[in-house]
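Visitor:
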Amino acid sequence: MIAASWRFISGRYGAGIAGLAAAHTALVGSVAWYVVDAVWGSVPTSASLTPVPRAAFTITWVAGTIFLLVAAPILGAAAVRVWVGPDPTAALPTGLAARAGAAWLRAVVAAALVALGPLPVYVVLHALGSFTAQVVGWSAAVHAAVVAVAPVPGIVVALAARRGARR
Amino acid sequence: MIRLESVGCRIGGTWALQGASLHVRAGELVGLTGPNGGGKSLLLAICATLVRADAGEVVIADHDARTRPRRVRGAIGHVPESVGFYPDMTLRQDLEFFAAAHGIARAAIPGVVDDVLRRLDLGGLPGLRMEWASRGLLRRMALARALLHRPPVLLLDDPGSGLDAEARGALWRELGRHVDGGGCALVASHDTAELARHAHRVTLLSRGRIESPSVAA
Chain A
1 MIAASWRFIS GRYGAGIAGL AAAHTALVGS VAWYVVDAVW GSVPTSASLT
51 PVPRAAFTIT WVAGTIFLLV AAPILGAAAV RVWVGPDPTA ALPTGLAARA
101 GAAWLRAVVA AALVALGPLP VYVVLHALGS FTAQVVGWSA AVHAAVVAVA
151 PVPGIVVALA ARRGARR
Chain B
1001 MIRLESVGCR IGGTWALQGA SLHVRAGELV GLTGPNGGGK SLLLAICATL
1051 VRADAGEVVI ADHDARTRPR RVRGAIGHVP ESVGFYPDMT LRQDLEFFAA
1101 AHGIARAAIP GVVDDVLRRL DLGGLPGLRM EWASRGLLRR MALARALLHR
1151 PPVLLLDDPG SGLDAEARGA LWRELGRHVD GGGCALVASH DTAELARHAH
1201 RVTLLSRGRI ESPSVAA
């Protein structure tokens, strides 16, 4: 199922997903760079560098979360398979829920890839001492929840628009 | 297999279908004809559970269309008047998708699709994308989708429109094979002469009422 979802969404929107992942990485990377530079810029050059404060991770992570909240509904809308004419599945035993579920799975696969884009930036922040392993659990859980839930409005809007278009 | 008792349906406050009763038994091919707007497509849409009747009883393959629409959908093959399609799929992918949606086992799908492609003379076109399919080809694809899962009941809305003589021949040949195998079919068409040639009975539907109850063809 996941492989089939990936084949569909990458075939149609591979470049878009790569673009969103790159934009996510660029945003998170530039925020992290700005914050770390602001912290270390005030340290005298003669002094040894202190670990980057946790705020650097928090600010970066919040920026990444906001990006995902914006991008995921777009991916949700894109994951709804486009059809021409009346709904071809109208008389199938599988209902609208099955179609929405398939679209959701595709959107989650795509959003997960976009979410994983800036992983190297977070690894560097961890190496600089900005956050501990304990923080990883809840921050990853929140991003996973965003990846799972945020595409839903996009899917609902796209399905409603397609069903409206058939009349 | 198809039992309609005093079926009525209101569209926009007026009765578009009223008091329609029709029985189609196993092994029967029944034609439905009449003028535009007479209610043929609406009657088929009600049988296919796409529209809910406001009055009467609709029973398809022993399932009540109102209370068991999913069971009914599993038992029918429906060719609508206008065929919707996924433009990015090839003909083969389209049929594989619909076969999977009907619950055909994954291992059996290639064989089932090959069989339907061959029976409807679509064997040379499986790689063609649906967006490039002609109107006639779309109708043949709709029939192929309807036959995939070997449903006992076929509901066909103007299936011959846009088809050349050869494709029409294949259509009626398949319908004949279907009813000979114990299935039944309800076919709506404007072409009364063609219906009379192939159907066991023809019913006239006009202004939402069955005018002539199932005249033997």
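Respectively, the protein sequence lines represent chains A and B.
Quick note on this note's numbering: the first sequence kicks off at 1 and runs consecutively.
Quick note on this note's numbering: the second sequence kicks off at 1001 and runs consecutively.
Quick reminder that beta carbons are idealized off the backbone N, C-alpha and C, glycines included.
All values reported here derive from a predicted model rather than from experimental measurement.
1. Could one say the Cβ of A:Leu92 lies closer than 8 Å to chain B's Cβ atoms, at least one of them?
2. In chain A, what lies closer than 8 Å to B:Leu1050 by C-beta?
3. Is A:Trp104 close to chain B, meaning its C-beta is less than 8 Å from at least one C-beta of that chain?
4. Would you kindly report the start and end of the unbroken beta strand (DSSP E) that includes B:Trp1132?
5. Could you tell me if A:Pro153 is buried or exposed, where buried requires 16 or more neighbouring beta carbons within 10 angstroms of its beta carbon?
6. Can you have a look at A:Gln134 and say buried or exposed, based on whether 16 or more other CB atoms are within 10 angstroms of its CB?
7. A:Arg81 CB to nearest chain B CB: under 8 Å?
8. Mapping the DSSP letters down to three states, classify A:Phe67 as helix, strand or coil.
9. Suppose only complete runs of 3+ residues qualify. What are the beta strand (DSSP E) ranges in the region 1170-1217 of chain B, listed by chain order?
10. Tell whether a beta-carbon distance below 8 Å holds between B:Met1001 and B:Ala1020.
11. Please check the pair B:Leu1044 and B:Cys1009, which I expect to be a contact at CB under 8 Å, by giving their CB distance rounded to whole angstroms.
12. Give me the Cβ distance between A:Leu159 and A:Ala100, rounded to the nearest whole Å; I'm assuming they're in contact under 8 Å.
13. Here's the rule: buried if 16 or more other CB atoms are within 10 angstroms of the residue's CB, otherwise exposed. What is A:Thr132?
14. Compare the C-alpha of B:Gly1111 against each of B:Thr1033, B:Glu1096 and B:Arg1140 and name the closest.
15. Compare the C-beta of B:Pro1080 against all C-beta atoms of chain A and say whether one is closer than 8 Å.
Guide: So, to answer that:
1. yes
2. Ala90 and Ala91
3. no
4. From DSSP, B:Trp1132 is part of no beta strand (DSSP E); its letter is neither H nor E.
5. exposed
6. exposed
7. Taking Cβ atoms only, chain B reaches closer than 8 Å to A:Arg81, which makes this a yes.
8. helix
9. 1184-1188, 1201-1206 and 1209-1216
10. For B:Met1001 and B:Ala1020, no; Cβs fall outside 8 Å.
11. Wrong, their Cβ atoms sit about 12 Å apart, outside the cutoff.
12. 6 Å
13. exposed
14. Checked all of B:Thr1033, B:Glu1096 and B:Arg1140; the closest Cα to B:Gly1111 is B:Glu1096.
15. Answer yes: the Cβ-Cβ gap between B:Pro1080 and chain A drops below 8 Å somewhere.
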